[in-house]
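The next block holds one structure in the form of structure tokens; read it before the comments.
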Amino acid sequence: MHCRLVTLLLGVTLLVGCAHTQPTKPIPAVIKHTTPTMKAELQQAIVSLKGGVAPLLSDTIFMNNNELLLEHGRSTDDAGNPILGAHSLTVQRFVLQLRETGCVLFYPKTAQFVLLKSVSCQPMVE
């Protein structure tokens, strides 16, 4: 009887320990107010994750939505009209998330993320 009790307690302890060490899921996040410093860090994070040139970002980036969709500039003809089918590049998607380590910019295409030190984000309320 004593051996069963010890085995049961050991089993419960191991289960609780395993459940406690499981990482929490990332939470969709938004920014309450953006600053030029935040925008610069977000631009650098985008370049770190996908390469290329830093994109122009809105002053309201991630304030209303946790996703950023970037598309490449479109070619235009001499009159300034877009040339349909001029490129076949896909839209790049980035997601602002709150993780255990802090606020991060996640790039689903590569499943990588960058910790944002100057960006304070909060859970997104739907």
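Residues in the sequence shown are numbered consecutively from 81, following the numbering used here.
Beta carbons: idealized from backbone N, C-alpha and C, even for Gly.
Cutoff 8 Å; reference V127; Cβ partners in own chain excluding five residues on either side: The count along the sequence shown starts at 1 and reaches residue 127 at position 47. Closer than 8 Å at the Cβ level, and outside the excluded window around V127, lie V133, A134.
V110 - containing beta strand (DSSP E), residue span: Here residue 110 refers to the residue found at position 30 when the sequence shown is read from its first residue. Residues 107-111.
Residues near P108 in its chain [Cβ-Cβ closer than 6 Å; skip 5 each side]: Stepping through the sequence shown from its first residue, residue 108 is reached at position 28. Excluding residues within five positions, the ones whose Cβ falls inside 6 Å are N146, M204.
Among C201, M118, F193, nearest to L129 - alpha-carbon criterion: Your numbering for residue 129 matches position 49 in the sequence shown. The shortest Cα separation from L129 among C201, M118, F193 belongs to F193.
Residue from G160, K197, P116 whose Cα sits closest to the Cα of Q177: Residue 177 sits at position 97 when you count from the first residue of the sequence shown. When each option's Cα is compared against that of Q177, the closest is K197.
Whole runs of the beta strand (DSSP E) within the region 168-198, excluding any shorter than 3 residues: Here the runs fully enclosed are 172-179, 182-187, 192-195.
Alpha-carbon to alpha-carbon, Q124 and Q172: Numbered from its first residue, the sequence shown carries residue 172 at position 92. Numbered from its first residue, the sequence shown carries residue 124 at position 44. Whole-angstrom Cα-Cα distance: 15 Å.
Chain-order list of residues whose beta-carbon lies under 7 Å from that of L137 (same chain, five-residue window excluded): To locate residue 137, count along the sequence shown from 1; it is residue 57. For L137, where only same-chain residues beyond five positions count, the Cβ hits under 7 Å are K119, L122, Q123.
Three-state class that DSSP yields for P203 in the structure shown: Taking the first residue of the sequence shown as position 1, residue 203 is located at position 123. Strand.
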